[in-house]
Structures are given as C-alpha cells and as structure tokens.
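Only one structure is covered here, and it is reproduced in the block below.
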Amino acid sequence: MPKSLPFVLALLLPLAIGAALLVPVASGASSAAPAAAAASAVRPPAAAAPVPVEAFVPSTDQRSVAHLIHRYLSDGRFAYAPRPLDDTLAIEIFNNYLDRLDPQRLFFTAADVERFRPWKTSIDEAIRNGELQPAFDLYVLYLQRVRERVAFARQRLQGEFDFSSEAYWRFNRKDAPWATDVAELDTLWEKHVKNDWLRLKLAGRDAAAIRTTLDRRYAQLATRVGQLKPEDAFETFMNAYAGAIDPHTAYMSPRSAENFNLAMRLSLEGIGAVLQNQDDFVVIRTLVPGGPAARSGQLAVGDRIVAVGQDEGPMVEVIGWRIDDVVQLVRGPKGSRVRLDVVPVAHGSDGPQRAVELIRDRVRLEEQAARSQQIEADGRRIGIIRLPTFYADFEAKRRGDADARSATSDVARLLGELKAAQVDGVVIDLRGNGGGSLTEAIELTGLFIDTGPVVQVREAGGRISVEGDRRPGVAWDGPLAVLIDRSSASASEIFAAAIQDYGRGLVLGETSFGKGTVQNLENLDRFRNGGDPRYGHLKLTVAQFFRIDGGTTQFNGVVPDLAFPVTLNAAEFGESTHDNALPASRIAAVRHEDYGHFAPLLLPLAQRHQARVADNVEVQWWKEDVARFRAERERGTISLNVAARRAEREEAEARRLTRAAERQRLGLADGLPNRADDGLQADERDVAEQVADEEAAEKHIDPLLRESAFVLADAIGLLSKDAALSAKVLPHTSRAGVWVE
Numbered sequence: 000m001p002k003s004l005p006f007v008l009a010l011l012l013p014l015a016i017g018a019a020l021l022v023p024v025a026s027g028a029s030s031a032a033p034a035a036a037a038a039s040a041v042r043p044p045a046a047a048a049p050v051p052v053e054a055f056v057p058s059t060d061q062r063s064v065a066h067l068i069h070r071y072l073s074d075g076r077f078a079y080a081p082r083p084l085d086d087t088l089a090i091e092i093f094n095n096y097l098d099r100l101d102p103q104r105l106f107f108t109a110a111d112v113e114r115f116r117p118w119k120t121s122i123d124e125a126i127r128n129g130e131l132q133p134a135f136d137l138y139v140l141y142l143q144r145v146r147e148r149v150a151f152a153r154q155r156l157q158g159e160f161d162f163s164s165e166a167y168w169r170f171n172r173k174d175a176p177w178a179t180d181v182a183e184l185d186t187l188w189e190k191h192v193k194n195d196w197l198r199l200k201l202a203g204r205d206a207a208a209i210r211t212t213l214d215r216r217y218a219q220l221a222t223r224v225g226q227l228k229p230e231d232a233f234e235t236f237m238n239a240y241a242g243a244i245d246p247h248t249a250y251m252s253p254r255s256a257e258n259f260n261l262a263m264r265l266s267l268e269g270i271g272a273v274l275q276n277q278d279d280f281v282v283i284r285t286l287v288p289g290g291p292a293a294r295s296g297q298l299a300v301g302d303r304i305v306a307v308g309q310d311e312g313p314m315v316e317v318i319g320w321r322i323d324d325v326v327q328l329v330r331g332p333k334g335s336r337v338r339l340d341v342v343p344v345a346h347g348s349d350g351p352q353r354a355v356e357l358i359r360d361r362v363r364l365e366e367q368a369a370r371s372q373q374i375e376a377d378g379r380r381i382g383i384i385r386l387p388t389f390y391a392d393f394e395a396k397r398r399g400d401a402d403a404r405s406a407t408s409d410v411a412r413l414l415g416e417l418k419a420a421q422v423d424g425v426v427i428d429l430r431g432n433g434g435g436s437l438t439e440a441i442e443l444t445g446l447f448i449d450t451g452p453v454v455q456v457r458e459a460g461g462r463i464s465v466e467g468d469r470r471p472g473v474a475w476d477g478p479l480a481v482l483i484d485r486s487s488a489s490a491s492e493i494f495a496a497a498i499q500d501y502g503r504g505l506v507l508g509e510t511s512f513g514k515g516t517v518q519n520l521e522n523l524d525r526f527r528n529g530g531d532p533r534y535g536h537l538k539l540t541v542a543q544f545f546r547i548d549g550g551t552t553q554f555n556g557v558v559p560d561l562a563f564p565v566t567l568n569a570a571e572f573g574e575s576t577h578d579n580a581l582p583a584s585r586i587a588a589v590r591h592e593d594y595g596h597f598a599p600l601l602l603p604l605a606q607r608h609q610a611r612v613a614d615n616v617e618v619q620w621w622k623e624d625v626a627r628f629r630a631e632r633e634r635g636t637i638s639l640n641v642a643a644r645r646a647e648r649e650e651a652e653a654r655r656l657t658r659a660a661e662r663q664r665l666g667l668a669d670g671l672p673n674r675a676d677d678g679l680q681a682d683e684r685d686v687a688e689q690v691a692d693e694e695a696a697e698k699h700i701d702p703l704l705r706e707s708a709f710v711l712a713d714a715i716g717l718l719s720k721d722a723a724l725s726a727k728v729l730p731h732t733s734r735a736g737v738w739v740e
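Everything in the sequence shown is counted per numbering that gives the first Met the number 0, starting at 0 for the first residue and increasing by one.
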C-alpha cells in the first residue's frame, strides 16, 4: 500500500453546491487580507474581467493527472475497491458531473443534457487518452447558463409580483427532472425570484430596497461564475470520476491540497485573519488571537481589504477578486512583510483608506481545536471536551518535533486541567466531527485505555493489520461518556467504537454516519521531476477498518448505548444514502481487555433520562423544532402567498417570544440568537453581528450536551450507591475505568 502520508480519514464531503459557488464565500483557514490603494493600485486584467471562454482548454498537466488518477482508481494494488473505466462507469461519471454542476437543476435544460449525451459513453476513452475538452465545454455551457439565468432574474426585478395566488416554490429540486426548455426554466426562476422578494418583503423592506438587494445578489452570482477558472473545471470533473468509485475518494488541486493540510495541522504562516466575500470586497471576518493582525491593533472585524503589496513591491488591487486568490497574496513565509490598504469598518463604505504593514508569523488556528468546559449535574462536576476534528501536523511529526500539534496532545492537556479541577467525569463531544487522522483516533483512544488493540485495518489485497495503543498508562481513568450524532464519522467512529467495545465508557446520542473506510493522500507531484506543486493530490480509499470485536462501522455506523432524539434522518444523511457505498461486513475479533459491561446499567439510565427530558422544556422545544424542520423538508415546497407566509412568520415570532418569556420565568440561560428571517444571505449580513452570534453559540451549552452530563452523573451515582450493580458493570477496575472506589 502506498505510504506517501500517514493514513488520513476523509472528512465528510460537503453538500454539492454547484460550480458557481465553488469560489469560497468565507474562508475557513485563511490568513488576512489585501487592500486596493487608490490611483497607485495595479489591477491585473485577468482578475478584473471574467475568465475568457477560450481559456477553458485542458492543459498538458491536466491530461497527465487524469491518466494518473485512472491508474490509481482502476488498479487493485492501490484502490481498495477498484473499478474498470468502462461504459458503465462513464455514465456514472457523466451523471455525477451534472449533479456537481447543477445539483438543483436550475440552469441546464433537458436539451442541454441531450446535447452531450454522445460523449456520455465515451468518457472512459476520453480520460484514458487525455481528451478532456468535452468536459471543459460542458463546464463552459454551465457558466453561460448561469449568466443567462442571472440576466433573467435581474430583468424580472424590474417588474411587479402578485403574491395573492396559491403558487408554491419547490426549494429542493435534486430529484426533479430537467426543465424541458428555456420557458420552463423561466417559470422556475420566476418563482425563485418571487420567493427571494417575498422573504425581504416580510422582513419589512420596501420595493426599492428589495430591488437593490436582489440585484446585487444576482450580480454577485454572475461575478463569482466569471471568476471560475479552467482549474475549477478540471477539479470538478475529476471529482465526478473519483466520486463514482466511492463516496470518499476525491481529487484535490494543488491549492485545495494546501488548504486541506493547513486545516489538518491547524496552523499556517500569514497574518492571522479569516476572510469573507461581501459584494465585490474581501472583508475581515475574524482576527486570530495572538496573530500579527490582532497584535497590531490596526485591523478590525468588518474592515475591507482593497489592495495587497509584498515587501517593497507594488500594491495590487483586489476588489472583485475571488477570495482564494486574495488569500494566496496574503499568505507568506514567517518573517516576510505584507502591506495592506484597508477601508476601516468604522469609516463606512466610502471612508478613507488606511495603510497597514504587518510581518507574517506562524498562526495557530484555534477555531477547530479541542476545547473544554464544565457542567454541574446533580451535584457532580462533569468536564466536557469538544473535539471538532482529528487534526495533526504530519510534517512536524515526521520531523520528530516534540511540540507537534495534534488532537491527542491537546485533549491530553485538557484532561490534565480537568483532572486538576477534580471533575467527577468526562464527556467527549464528537458531534459534527467528520473525522481526520486515523493515527489520532488510535492515540486518542490510548488516553483512556492501558495499551491494547484499537482498530483492525483490511487493505486492498486482504491483509489485516491490528493497530493499537502501545503506551502504558492513561490520561483519564475515571467515568467517561462519548457523545455522537449522525455527523460523527470516520475517526470519530473508530474512537467511539473502541470505547464501546472495551466497555470503557458510555456512548450516547445518535447512530453515527457509517464511514468505515480509510483514505490515503497520494501526492501526484511525486511523478514529476520536482518544482512547484502542479498535479495536486488524490484522496484514495485504500482500506476498510473494523472494530476490535470484528464488526464494522461501515454503512451501519456506531449505535449508541443510550439513544437521544434523532436530529438527522438516516434515510437522508449518512453512508447508507450513497449508492456506491461499500456494504457492511465482519472479520474475526481480536482479544482485548473488558473494562466494563454497561448492559445492566442501561435500563435505569434510560428511565432517568426519559423522565428528565420529559420535564425539560429546552429538550422539548428542540424536538419540536426538529419535527417542524423535517415536516418542511418532507413537503419540499414553500408557499408564495403573502398571507400564508405572513401567518407562518407571525406564528414563529409568537413562538420565539413565548419561549423567551418561559426562559426568563424558569431562570434559564439565554438561548442562541433566534431572530426572525431577515431575507438576507450570510454574506449580506453585518459581519460583526454574525461573529458575535457564532461566539455566543460556542459558549452555549445545548440541551443535549447538558443531558449527556446528567446521564454520566446518573451512572456515577447508580454505581456509587449499588455495590452489586457496580460489581456487574465494572468487573475490572485495576488499570483503567475506575468509576467508583
């Protein structure tokens, strides 16, 4: 098996949003930003104007990469479940490509699809021979169709709308047929624009303000489409191919691979600011504490970056640029100088510019790092560790850096702090954690068990290896629970399954995602003779992991010991929803220690849990909201009648006010910001207000997290008071898993 990098488990694939939105609206791990000087600024022509159609031609490098990807995906020496590139696979690639470009079927017509049908069954030969032009032509057609729809929408804004009829907008068209012709698309977009208008109308905006907002919104869509490059077309098409092999194989362009690695190691070299598009500008969304931008005191959330200069070089205007191009200008090696021209948010949109000079430095990205808090539950202090992803700085580890950043090292530190605070138990919150490093899942498990197997890995050739914890001792030997949901996947499932199989702790929440495959990152540039990265990486499924009891999380996920109310319907989200997901299977179990057997404890825990949530208004509200969301999703349409929509809005507002009053009466902490729909998109709202809401959400203890602490406190109490029950549940307490004295 290739060992170019340590095993990496794929993070959950994002929802397909169409090529028009592949340009990031908000960066997740950028450094900070650029500025447009006034008359002295230099704007490269390619950045100011849409990428010309003539540029969408496959390069020699891209033809070579397509050939390499074909070799990997069709060869059992590399891929875990290789597939021959034949007509059957070609059809799947074609359909995947269409779904990635136009997932909601709002741009292409049936005639457009039919036009490329002759290419449909020859994609296999095209990839093998490097004949990729039809893929680029289809991409160009998509860009053209988006511009046409934008033109229609902007023109339609000049007219009036009738909101008295009983019309409906179908907001989820993923499974809808392609529009038969342009006239049908016009009808769809008439309703699309009408719904956008109605949302703003109900939010209290007048017609002039609505026209201005929507015209700017649609124009921005055209702008972002114009910023798409041939590299985007190639990456989208190659991912249509990779995704046809299995749900988690993917191609990453050099830039995407760089961003992936930054996200995994939670650090970069830059100025320490997260950026966001807003209209034609790039604005500062957050400042990373301790980073050069924050330390300087010269930048603030909401400041607009208009130009960037390197050291003594010229200022380059970045108004209208795509955000990842701006980020590339701002990032740079530690110790280098970057100059920014910014329009401070305090000066307004037409205020004077300010020149800012910063020295780049190493920046730690704490947003996705492990963090802890404490909850009081029935007189017991429960520590909570939230782990958003299984991150690791692979390069630092390879260098033998003792201070290499990783999820395990951060959690170990937090456990030490909680131990010093004398908490009675610990909950590891893995909700929404889509995975990360397999090595980190193994090492994290080792913080709670005293050596032993953690996971079994079966490679493409059938060889099975057992990976485990070889370090004696534990970081936490007390009561433990793991909280999961349907979005907990991959490395999260390895950890939760191991804790469950050892009987080391309780697993609470929902059945997890069901991703039981292992991906390697293959650096395709190793097939070149050095130089800057040009080929990118292939995230390739190379193995399947199995639990130490011989079962697998693949397809079925991890089933919790105590189930909480379900948030996401398993029929709509998870591995089982993918047609090409690997089926579940079993292999032989491996011997391991049993720290506990929780079966005798589950019934009394469930009884206490049910009684408590029945009286918990926050949990009941949450269940009501989930049920309402599901009903709306199942319906799939929304009324375009103003009276009906106003009634729905008034009902929602009454519900919000009633809950706020009830919170105050019961002395409950304020909930998350729950404002009425303002009709705006995320990049149209006030940045500082959005950030404040997000920070409040980070500090908020949601009812299910609080309930997990109470369940763990219940378990501690039951075992402390009942020696016979304790003897059944915890027969081995000599090395780890010391829940009670």
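The beta-carbon is built from N, C-alpha and C at its ideal position, and this holds for glycine as well.
The region 615–635 makes no contact with the region 152–164: fewer than 3 CB pairs, one atom from each, lie closer than 8 Å. Using a C-beta cut-off of 8 Å, the region 92–106 makes contact with the region 126–145, since at least three inter-stretch Cβ pairs fall below that distance. Residue 568 sits in coil when the DSSP states are folded into three classes, being neither helix nor strand.
With respect to the 8 Å criterion, residue 498 and residue 481 are classified as neighbours on the basis of their beta carbons.
The region 345–354 and the region 682–702 do not touch, with fewer than three beta-carbon pairs separated by less than 8 Å.
The C-beta of residue 489 has 16 or more other C-beta atoms within 10 Å across all chains shown, which makes the residue buried. Under DSSP, residue 379 forms a beta bridge with 376. Shown here, residue 710 sits in a helix according to DSSP, grouped into three states. The residue among 177, 208, 218 with its C-alpha nearest the C-alpha of residue 152 is 218. Annotation note: the region 181–253 contains the following uninterrupted beta strand (DSSP E) runs of length 3 or greater, listed N- to C-terminal: 249–251. Exclusion of the five residues before and after residue 703 leaves 563 as the residues of its chain whose Cβ lies within less than 6 Å of its Cβ.
Residue 607 and residue 710 have their C-alpha atoms roughly 8 Å apart. Counting only the Cα atoms, residue 95 lies some 18 Å from residue 571.
For the set 225, 216, 147, the Cα lying nearest the Cα of residue 54 is the one of 225.
A distance below 7 Å between beta-carbons, with the five flanking residues on each side excluded, links residue 162 to the following residues of its chain, in chain order: 197, 639, 640, 641. Of all alpha-carbon atoms in 120, 255, 364, the one lying nearest the alpha-carbon of residue 291 is that of 364.
Here the alpha carbon of residue 727 sits roughly 7 Å from the alpha carbon of residue 596.
With respect to the C-alpha of residue 578, the residue from 246, 175, 223 having the closest C-alpha is 246.
With the rule of 3 Cβ pairs closer than 8 Å, the region 497–511 counts as touching the region 542–558. A Cβ-Cβ distance of about 3 Å is found for the pair residue 468 and residue 445, placing them in contact under the 8 Å criterion. By the C-beta density criterion, residue 191 is buried, having at least 16 other C-beta atoms within 10 angstroms. In its chain, beyond the 5 residues on either side, 102, 103 have a beta carbon closer than 7 Å to the beta carbon of residue 173. In this chain, the alpha helix (DSSP H) harbouring residue 657 covers 641–665.
Sixteen is the threshold: since fewer than 16 other Cβ atoms of the shown chains lie within 10 Å of the Cβ of residue 150, the residue is exposed. Taking residue 230 as reference, the option from 647, 593, 216, 59 with the minimal CA-CA separation is 59. For residue 508, the enclosing beta strand (DSSP E) stretches over residues 505–508. Annotation for residue 415: the continuous alpha helix (DSSP H) segment containing it runs 406–419. Residue 715 sits away from residue 461, with the two beta carbons spaced by 8 Å or more. One thing to note: residue 540 has its Cβ within 8 Å of the Cβ of residue 516.
Nearest to residue 611 by C-alpha distance, out of 662, 706, 698, 691, is 706. Nearest to residue 236 by C-alpha distance, out of 165, 65, 312, 650, is 65.
In the three-state DSSP reduction, residue 57 falls in the coil class, being neither helix nor strand. DSSP assignment within the region 111–180 yields the following whole beta strand (DSSP E) runs of 3 residues or more, N-terminal first: 167–169. A check of alpha carbon separations from residue 166 across 179, 301, 466, 189 identifies 189 as the nearest. A straight line joining the alpha-carbon of residue 730 with that of residue 594 spans about 7 Å.
Contact between residue 284 and residue 274 holds, with the beta-carbon distance rounding to 6 Å and staying under 8 Å.
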